[in-house]
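Take a look at the structure set out below.
As structure tokens, then:
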């Protein structure tokens, strides 16, 4: 069947109306927080907030979250919440106990339930559920030089960069990065205090140049690694060997 000019015009107008309806349906309410970029710790309480952009006599609210992007599928947070104020600009909230569902592609959605059409709002950008990447300095009894630092956090899917400043170690020829499964305080060796123990998880060395060595290592983009811990220490070689401070690591987002 061929479309006549009048049929085409009717079809175009109907399509435009549907597009406008879809646009308006997503603009009557909106998520205020979380709205993208946050890292929420599992088991913590986070206050979800949303607002009204166009007034309706809503009867209740529903909240969901997705761990796979803004298209869902959607997992219920809470349903049939009290309607509260219908005023434009009013803030509504719910205390959400964050589930243990690690992901860095989390979105939150709200639905305004009305006697007429229902309306939705979705957070603007992805947030994460899981531990935040951390590298915490530790130096035992304090006899080792504090020259080992984390330039970037140990986040999954990124390059973790650490710095070993050997400017105070004349004749340095190499620096070593060691990551073990447990912390230690001692024993004290000729090179300094040993601050890591257990199973060796990772080791890397590089020839020294200048006064600072930057060690760059890729952390896989594997959500199962979120929350994993490790204990890192550097060593400087050339002349007498020297142990540095330690970094206590938590892999995360």
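In this note's numbering, the protein residues as written are 22 to 274.
We put the beta carbon where it would ideally sit given N, CA and C, even for glycine.
Predicted model only: the values in this text are computed from it and were never measured.
DSSP state of residue i mapped onto helix, strand, coil
i: residue 209; result: strand
i: residue 266; result: strand
i: residue 70; result: strand
i: residue 272; result: coil
i: residue 97; result: strand
i: residue 92; result: coil
i: residue 171; result: strand
i: residue 45; result: Only weak support is given to the placement of residue 45: the predicted model assigns it a pLDDT of 40, under 50, and the value that follows is read from those uncertain coordinates. Three-state result, residue 45: helix.
Span of the beta strand (DSSP E), counted from its first residue to its last, around residue i
i: residue 81; result: 81-87
i: residue 148; result: 148-150
i: residue 2; result: Outside the shown range of the chain (22 to 274) lies residue 2, about which nothing can therefore be said.
i: residue 156; result: 155-159
i: residue 116; result: 112-118
i: residue 54; result: 50-54
Rounded Cβ spacing between residue i and residue j (contact assumed at less than 8 Å)
i: residue 126; j: residue 273; result: That belief does not hold up - the Cβ atoms of residue 126 and residue 273 are roughly 15 Å apart, past 8 Å.
i: residue 239; j: residue 169; result: That belief does not hold up - the Cβ atoms of residue 239 and residue 169 are roughly 19 Å apart, past 8 Å.
i: residue 223; j: residue 200; result: 4 Å
i: residue 202; j: residue 178; result: No, residue 202 and residue 178 are not in contact; Cβ-Cβ is about 22 Å, not under 8 Å.
i: residue 235; j: residue 250; result: No, residue 235 and residue 250 are not in contact; Cβ-Cβ is about 23 Å, not under 8 Å.
i: residue 135; j: residue 80; result: 7 Å
i: residue 159; j: residue 216; result: 7 Å
i: residue 148; j: residue 115; result: Incorrect: roughly 16 Å between the Cβ atoms, too far for contact.
i: residue 156; j: residue 197; result: With a Cβ gap of about 17 Å, residue 156 and residue 197 do not count as contacting.
i: residue 97; j: residue 87; result: Their Cβ separation, rounded to whole angstroms, is 11 Å, which puts residue 97 and residue 87 out of contact at 8 Å.
i: residue 52; j: residue 167; result: Residue 52 to residue 167, Cβ: 43 Å. No contact.
i: residue 187; j: residue 229; result: 6 Å
i: residue 82; j: residue 113; result: 6 Å
i: residue 154; j: residue 123; result: Contact doesn't hold; Cβ gap of about 12 Å is too wide.
According to DSSP, residues forming a beta bridge with residue i
i: residue 143; result: 130
i: residue 256; result: 197, 264
i: residue 60; result: 149
Any C-beta of chain D under 8 Å from that of residue i
i: residue 63; result: Reference to chain D is not applicable here, since this structure consists of a single protein chain.
Residue i beta carbon near the ligand HEM (any heavy atom closer than 7 Å)
i: residue 186; result: Ligands in the displayed structure: none, and consequently the ligand HEM is not present.
Continuous beta strand (DSSP E) assignments of at least 3 residues falling wholly in the stretch 177-208: With a minimum length of 3 residues, the continuous beta strand (DSSP E) runs that stay inside the stretch 177-208 are 180-186, 195-204.
Of all the beta strand (DSSP E) runs that stay within the bounds of the stretch 207-254, which reach a length of 3 or more residues? Fully enclosed beta strand (DSSP E) runs of 3 or longer: 217-228, 233-239.
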